[in-house]
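Q: Input: one structure, supplied below.
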Amino acid sequence: MNIQDLLKFAANQGASDVHLQGGSPPMLRIGGQLRGVEGAKVPDDQLLAFLRSVAPASLGELDAAIDGGSRFAFAVEGLARFRAALYRNEERPGVCLRVIPTRPGSIESLGLPPVLRELAIARRGLTLIVGASGSGRTTTQAAMVDAVNRSRPAAVVTVESPAEFVHEPDKALFTRVDPGLGADGATRAVDRALELDPDLIVLGELDRTEVALAAVLRAVESGRHVVASMRTSSTIRALEQLLDPVAPERKSAIKARLAAALEAIVALRLATTKEGGRRPVVEVFRGLHQTRELYLANRLDDIARLMAGQQGGMQEFDRQLLAMYRAGQVSGTEALRLATDPEALGAELQAGRRPAA
């Protein structure tokens, strides 16, 4: 088995992930579904040889890296970049490869709402990109950074390890800060980023610690725009969870700072269309005067209602799913699968005329 040829096949098929495990057939995730690749199983020695050929020298001894679950990124020239997550299963080596296009897509080409371009070029504030694993957070974040790169001179500092999308400078200057290991790595990296005179700080993942949140708030309060990724299911859940790591006696003060800092929360889910493709479903919360006041009053249900009413460029998952269903883009089953409130959305689907199959 030629693993390089397999990666080329995976990229050409639009796979999002490639699973390689010693002694097992390779598997690809295409359109959200895991599919086996017919043919030989992956030999341990061939997989190890491949990993040695693409792993950076900084990874150290490969067996130890596999046992430690190390991650790294590598590129196949003219094809794609890959983010590798190593593991060992029953004494056999394995790796999960996330396929990353060589260039970030634009907001428009990815089917994201135009309001994201406005959010991308904001001069200050905290913008969170949230969603489950595989929902398109990294791709969306990269598209927003690309919008900045194409629109104005800006110093962009990315805090991520490993580096995923590599942006070719157009109008912007790019610097990467490695958060390193340890509980305070990301916090120190944000503080380091502030020393580099940034206009935009991009966090690969917002650490769920009070010190990390405090570092992000310091960056925003110094006049920077911070775009961070967070693993959660919706904008409302993000608002609920942001304060989870904060000590009770400091919650009120941190919440007031968060209310002032939040520019937007963009939540993502991926829908399977009737044609078998994938399309983002996007929810948008914006830090408007009214939503800030509601957040401080803990009236999250009222925020959800404002979002459903699409005020100030906001939008809500179930309204988007209903619109996609009525346009014949997704089935009722798929809309209900992704709905925040399946019962309420189901009633609306029943009340409306069903689109032609």
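Following my numbering, the residues of the sequence shown are numbered contiguously, the last one being 1753.
For glycine and all other residues, C-beta sits at the position ideal for the given N, C-alpha and C.
Only a predicted model underlies this, so the values are computations on that prediction, with no experimental measurement involved.
If you run the structure through DSSP and keep just helix, strand and coil, what is residue 1659?
A: In the three-state DSSP reduction, residue 1659 falls in the strand class (E or B).
Q: Helix, strand or coil, according to DSSP, for residue 1684 in the structure here?
A: Secondary structure at residue 1684: coil, using DSSP grouped into helix, strand and coil.
Q: I'd like to check one pair, residue 1484 with residue 1463: are the Cβ atoms closer than 8 Å?
A: yes
Q: Between the alpha carbons of residue 1678 and residue 1524, how many angstroms are there, rounded?
A: In a straight line, the C-alpha of residue 1678 is about 13 Å away from that of residue 1524.
Q: Give me the residue from 1694, 1734, 1398 with the minimum Cα distance to residue 1632.
A: Sorting 1694, 1734, 1398 by C-alpha distance to the C-alpha of residue 1632 places 1694 at the top.
Q: Leaving out five residues before and five after residue 1700 in sequence, what residues of the same chain have Cβ atoms less than 8 Å from its Cβ?
A: Answer for residue 1700: 1632, 1712, listed in chain order.
Q: Note down the Cα distance separating residue 1427 from residue 1649, rounded to an integer number of angstroms.
A: Approximately 44 Å between the Cα atoms of the pair.
Q: Where are the beta strand (DSSP E) runs, 3 residues long or more, that stay fully inside the region 1460-1541, in chain order?
A: 1467-1472, 1476-1485, 1488-1496, 1521-1527
Q: In the DSSP assignment, what are the bridge partners of residue 1568?
A: 1550
Q: If you follow the alpha helix (DSSP H) that residue 1449 is in, where does it begin and where does it stop?
A: 1440-1450
Q: DSSP state of residue 1752, grouped into three classes?
A: Since pLDDT at residue 1752 reaches only 43, below the 50 mark, its modelled position is unreliable, and the value read off the structure follows with that caveat. If DSSP states are grouped into helix, strand and coil, residue 1752 belongs with coil.
Q: Compute the Euclidean distance between the alpha carbons of residue 1584 and residue 1630, then round it to the nearest angstrom.
A: 28 Å
Q: Just checking residue 1598 against the ligand MG - is the residue's beta carbon closer than 7 Å to any of the ligand's heavy atoms?
A: Because no ligand of any kind appears in the structure shown, any question about the ligand MG cannot be addressed here.
Q: When DSSP builds the beta bridges, which residues end up paired with residue 1676?
A: 1666
Q: How should residue 1746 be labelled, buried or exposed, when 16 other C-beta atoms within 10 angstroms of its C-beta is the threshold for buried?
A: exposed
Q: If distances are taken between C-alpha atoms only, which option among 1444, 1429, 1458, 1413 comes closest to residue 1398?
A: 1444
Q: Which of helix, strand or coil does DSSP assign to residue 1454?
A: helix
Q: In this structure, does DSSP put residue 1720 in helix, strand or coil?
A: helix
Q: Tell me which residues share the same chain as residue 1466 and place their Cβ nearer than 7 Å to its Cβ, disregarding the 5 neighbours each side in the sequence.
A: 1455, 1482
Q: Which same chain residues, not among the five before or five after residue 1400, have their C-beta less than 6 Å away from its C-beta?
A: none
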